[in-house]
């Protein structure tokens with residue numbers, strides 16, 4: 810009798826654990842990750858070797874997604890962050906930024922995929938490679954705005970599915986298997 814009660818308690822615990830796992834996976838899908846520009850030790854400043862592109866090297870090692878944020882930490886009285894076009898990034902043009910940030914602790918949230926360009930608000934610092942180019946990956950959970958008509962000789966459609974849904978199903982299946990034991 811005591812063993813049966815214990816087994817029911819274990820079954821309930823496994824069910825609760827499974828539900829919590831699913832909820833955590835869903836939450837993970839909605840919240841982004843904060844990336845400190847330059848890594849955990851770095852601040853937004855001129856690289857020690859102005860010929861190196863350390864910020865772009867850092868960005869290439871990370872995978873940015875919609876909902877993620879960049880954190881720029883810098884001396885507000887000596888620098889700023891400009892969100893610029895590709896041409897302004899290449900030429901270190903500080904005259905017409907898309908956005909300008911001067912607070913010293915700038916958090917920028919990615920709301921769309923594609924390339925994003927940031928430079929120092931001080932042209933001389935930008936010329937010394939205080940700039941970063943970040944590519945934000947496409948949101949695979951959303952359907953495209955316009956679906957082109959299928960061609961006559963197209964291959965069968967591929968259903969990639971959502972990783973969150975797949976993870977939730979896997980958790981439920983695993984929980985069911987544990988309950989069956």
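Residue numbers (my numbering): 810 to 990. All residues carry an ideal CB built from backbone N, CA and C; glycine is no exception.
Just list the alpha helix (DSSP H) runs in the region 912-936, keeping only unbroken ones of 4 residues or longer that don't cross its boundaries, in chain order.
932-936
Applying the 10 Å Cβ sphere with the 16-neighbour rule, what's the burial state of residue 916?
On the chain shown, position 107 is the one that residue 916 refers to. It is exposed - the Cβ of residue 916 has fewer than 16 other Cβ atoms within 10 Å.
Cβ shell of residue 965 (< 7 Å), same chain only, five flanking positions each side left out:
On the chain shown, residue 965 is found 156 positions in, with the first residue counted as 1. Unreliable placement is indicated for residue 965, whose pLDDT of 44 sits below 50; the coordinate value is still reported in the next sentence. Excluding positions up to five away in sequence, the list is empty.
Could you give the DSSP three-state label for residue 940: helix, strand or coil?
Walking along the chain shown from the start, residue 940 turns up at place 131. Three-state DSSP puts residue 940 in a strand.
Assumed close pair residue 844, residue 865 - CB separation to whole angstroms, cut-off 8 Å:
Taking the chain shown and counting its residues from 1, one reaches residue 844 at position 35. Taking the chain shown and counting its residues from 1, one reaches residue 865 at position 56. At roughly 14 Å, the Cβ-Cβ gap does not stay under 8 Å, so residue 844 and residue 865 are not in contact.
Once the 5 residues before and after residue 898 are set aside, which same chain residues still bring their CB inside 7 Å of it?
On the chain shown, position 89 is the one that residue 898 refers to. Excluding positions up to five away in sequence, the list reads 926, 928, 940 and 942.
In terms of residue numbering, what span does the beta strand (DSSP E) encompassing residue 843 cover?
Locating residue 843 in the chain shown gives position 34, where the first residue counts as 1. Start and end: 843-845.
For the region 892-911 and the region 873-880, state whether three or more C-beta atom pairs, one from each stretch, are separated by less than 8 Å.
no
Would you mind stating whether residue 910 and residue 945 have Cβ atoms separated by less than 8 Å?
Taking the chain shown and counting its residues from 1, the one referred to as residue 910 is at position 101. Taking the chain shown and counting its residues from 1, the one referred to as residue 945 is at position 136. No, Cβ-Cβ distance for residue 910 and residue 945 is not below 8 Å.
Euclidean distance between Cα positions of residue 854 and residue 948:
Here residue 854 refers to the residue found at position 45 when the chain shown is read from its first residue. Here residue 948 refers to the residue found at position 139 when the chain shown is read from its first residue. The alpha-carbon atoms of residue 854 and residue 948 are separated by roughly 31 Å.
Between residue 914 and the rest of its own chain, which residues show a CB-CB distance below 7 Å, the 5 nearest in sequence each way excluded?
Taking the chain shown and counting its residues from 1, the one referred to as residue 914 is at position 105. 882.
Quick one: what's got a C-beta closer than 7 Å to residue 885's C-beta in the same chain, skipping five residues either side?
Locating residue 885 in the chain shown gives position 76, where the first residue counts as 1. These residues qualify, in order along the chain: 911, 912 and 913.
For residue 907, list the residues DSSP reports as bridge partners.
Counting from one through the chain shown, the residue named residue 907 turns up at place 98. DSSP, once it has assigned bridges, lists no residue as partnering residue 907.
What does the Cβ neighbour count give for residue 873, buried or exposed, with the cut at 16 atoms within 10 Å?
Start at 1 with the first residue of the chain shown, and residue 873 comes out as number 64. Buried is the call here.
Please go through the same chain and pick out, in chain order, the residues whose beta-carbon is closer than 7 Å to the beta-carbon of residue 922, but skip the five residues on each side of it.
On the chain shown, position 113 is the one that residue 922 refers to. Only 875, 945, 946, 947 and 948 meet the Cβ criterion.
According to DSSP, simplified to helix, strand and coil, what is residue 863?
Translated into the one-based positions of the chain shown, residue 863 becomes position 54. Residue 863 falls in the helix class under three-state DSSP.
Spell out the partners DSSP gives residue 878 in its beta bridges.
For the purposes of this step, residue 878 is taken as the residue at position 69 of the chain shown. DSSP output for residue 878 lists 843 and 918 as bridge partner(s).
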